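Here the numbering used here = 1-based position in the sequence shown + 1327. Cβ atoms here follow ideal geometry from the backbone N, Cα and C, with glycine treated the same way. For clarity, every value in this text was computed on a predicted model and none was experimentally measured.
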Amino acid sequence: ALLAIPAMVSRGYSKSLAAGSVCAGGTLGILIPPSIMLVIYGPMAFISVGKLFMAAFIPGFILSGLYCSYIIVRCLLQPDIAPAVPAEERRVPLLKKTTMLVSSLFPPALLILAVLGTIFLGIAPPTEAAAVGALVATVLAIAYRRFSWQVLTDTLSRTLRVSAMILLIGGTAFAFVGVFLAAGCGKVIEELILAAPGGKWGAFALVMFALFILGFFIDWLGILFIMVPIISPLVPTLGFDELWFAMMICVNLQMSFMTPPMAHAIFYLRGSVDPSWGVTMGDIIRGVIPFVFLIMIGIGLCVAFPQLILWLPAQMIK
């Protein structure tokens, strides 16, 4: 956001398009591995995190493709919202472009390879792979001369705060679920879902709609900790593949990052933008709305073609 938005606004790009594309692109990180959402979801639903990572690849790339297609089509139809880069800026030698591209992609690519490679090659489980990622990030910081004791202490402090938040939400959510189930409310929810008109697809639509509405008001962590223990046992009864259903829930929850009032991506972006850029909350909300509908299209594609989710994990098993 701090790099992309001022660059786009200074070149006359539509503020809503700039804000929406940054917001939507940022939320892909919660789905595409290494995703904290999948790491938390796996143990709760007794599903391999490695399988979840593999299952998320194709849906993540589909959403990326939908986002890019929307931006390209809209810019072709409305060229004034994204003026072309001046000719003098485009006359950059190919070697210089390639060098800049490789140098900018190398650190994140190495970090992703360190985490996902250790998982997919069977070297380490997700927790230990995260430690490998932290080690590689430290080495990269030292190599690029960005490491200092202040950076280390700030990173540890932020990690502790996030971990404490997750543990607090998880502990209170599990306590709530325990009381909820002990009171017999879980049976009521089960009967409500199983009695939905339209059979298993009616039940699926009901669950997806409930998660979408909850995303307006509850943090995604709270939704996971409360809903997954209640819904997961029903998935085999409904006749759905557990891995496919898990990805449907995670893609659905991605929308919660862009649907106010509990829209983390929107508020994070609003807090990051400089007032001099002239990007308002209205610009951000108008910008993300088309991307929310694109996520719905992505969900529809995964419903129509389940192998988009299941094919890659099946290859991993082989």
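Where does the unbroken alpha helix (DSSP H) through residue i begin, and where does it stop?
i: PHE1622; result: Before going further, note that residue 1622 is Ile rather than Phe in the sequence given. First-last of the alpha helix (DSSP H) with ILE1622: 1608 to 1631.
i: THR1586; result: Run containing THR1586: none; DSSP gives neither H nor E here.
i: TRP1604; result: Where TRP1604 is concerned, there is no enclosing alpha helix (DSSP H), given that its DSSP letter is neither H nor E.
i: VAL1481; result: The question names Val, but residue 1481 in the sequence shown is Asp. Looking at the DSSP string, the run of the alpha helix (DSSP H) that includes ASP1481 is 1476 to 1509.
i: SER1391; result: 1376 to 1404
i: PHE1544; result: 1526 to 1544
i: ALA1459; result: According to the sequence provided, residue 1459 is Val. The question's Ala does not apply to it. Run containing VAL1459: 1453 to 1470, per the alpha helix (DSSP H) assignment.
i: LEU1551; result: 1547 to 1558
i: PRO1435; result: 1421 to 1447
i: TYR1521; result: The residue asked about is misnamed: residue 1521 is Leu in this sequence, not Tyr. LEU1521 -> alpha helix (DSSP H) spans 1512 to 1521.
Any C-beta of chain D sitting closer than 7 Å to the C-beta of residue i?
i: ILE1446; result: This model lacks chain D altogether; it includes just one protein chain.
Quick check on DSSP: helix, strand or coil for residue i?
i: ASP1407; result: helix
i: VAL1412; result: coil
i: PHE1567; result: coil
i: PRO1361; result: coil
i: SER1341; result: coil
i: ILE1636; result: helix
i: ILE1450; result: coil
i: ARG1473; result: coil
i: ARG1597; result: helix
i: PHE1373; result: coil
Can you tell me the Cβ-Cβ gap for residue i and residue j, rounded? I've got them flagged as a contact below 8 Å.
i: ILE1389; j: LEU1570; result: In fact, because the Cβ distance is near 16 Å, the residues do not count as touching under 8 Å.
i: ILE1593; j: ILE1622; result: That belief does not hold up - the Cβ atoms of ILE1593 and ILE1622 are roughly 14 Å apart, past 8 Å.
i: GLY1352; j: TYR1397; result: Actually they are not in contact, since the Cβ atoms of GLY1352 and TYR1397 sit about 12 Å apart, beyond 8 Å.
i: VAL1412; j: TRP1604; result: The Cβ separation is near 19 Å, so there is no contact.
i: LEU1358; j: VAL1376; result: With 8 Å as the limit, LEU1358 and VAL1376 do not qualify as a contact, their Cβ atoms being about 14 Å apart.
i: GLY1625; j: VAL1555; result: Not confirmed; about 21 Å, so no contact.
i: ILE1332; j: VAL1349; result: 6 Å
i: LEU1548; j: ILE1496; result: 5 Å
i: ALA1346; j: GLY1614; result: 4 Å
i: MET1585; j: THR1354; result: 6 Å
i: ILE1385; j: LEU1551; result: Not confirmed; about 22 Å, so no contact.
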